[in-house]
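Read through the structure below, which is laid out as structure tokens, and then see the notes.
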Amino acid sequence: LFAGGLPYSLSVDELREAFTPYGNILRVAIPKDPETGESRGFGYVEFDSQDSAHSAMEALSGQELGGRTMRLDYALPRGHSNGDGG
């Protein structure tokens with residue numbers, strides 16, 4: 001899942017904790033700005049099943065985390081293109 005609208009101070013562990021009740025998590029990532037090293041305000045949570053991802057999406061989309069409203073969407077696995085070439 002793509003998770004947008006995250007607090008800039010949110011850690012990977014805190015993001016994992018928010019999503020743990022919905023299933024087995026394989027990977028959590030919060031990309032950092034290459035120049036500042038600070039969070040870019042979004043992250044990714046990968047579950048071991050589509051059902052778990054769907055449960056998390058239903059429960060957490062639009063919910064507040066650390067004072068900001070999360071926007072969730074399904075993320076394509078790495079290597080998939082959105083069709084606009086390259």
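Using the UniProt record's numbering, count along the sequence shown one by one with no gaps and you end on 86. By construction, the Cβ of each residue, glycine as well, lies at the ideal position given by its N, Cα and C atoms.
Tell me the residue span of the alpha helix (DSSP H) that contains residue i.
{"i": "Glu14", "result": "12-19"}
{"i": "Leu6", "result": "Leu6 -> no alpha helix (DSSP H), and no H or E assigned at all."}
{"i": "Glu58", "result": "50-60"}
Assuming the contact rule is C-beta atoms closer than 8 Å, residue i and residue j should be a hit. Round their C-beta distance to whole Å, please.
{"i": "Leu6", "j": "Leu65", "result": "7 Å"}
{"i": "Phe2", "j": "Asp51", "result": "The Cβ separation is near 18 Å, so there is no contact."}
{"i": "Ile25", "j": "Val12", "result": "Rounded, the Cβ-Cβ distance is 11 Å, inconsistent with contact."}
For the beta strand (DSSP E) that contains residue i, what are its first and last residues?
{"i": "Leu72", "result": "71-73"}
Please name the residue in the options whose C-alpha comes closest to that of residue i.
{"i": "Ser61", "options": "Gly67, Arg71, His54", "result": "Arg71"}
{"i": "Ser39", "options": "Ala29, Gly23, Ala59, Phe47", "result": "Ala29"}
{"i": "Ser49", "options": "Glu14, Glu17, Glu35, Arg27", "result": "Arg27"}
{"i": "Leu10", "options": "Thr20, Phe42, Thr36, His54", "result": "Phe42"}
{"i": "His54", "options": "Phe19, Pro34, Gly4, Leu15", "result": "Phe19"}
{"i": "Asp33", "options": "Ala56, Tyr8, Ala59", "result": "Tyr8"}
What does the Cβ neighbour count give for residue i, buried or exposed, with the cut at 16 atoms within 10 Å?
{"i": "Phe47", "result": "buried"}
{"i": "Gly67", "result": "exposed"}
{"i": "Asp84", "result": "Confidence at Asp84 is low in this model, with a pLDDT of 43, below 50, so its placement is unreliable and the value that follows should be read with caution. Under this definition Asp84 is an exposed residue."}
{"i": "Tyr22", "result": "buried"}
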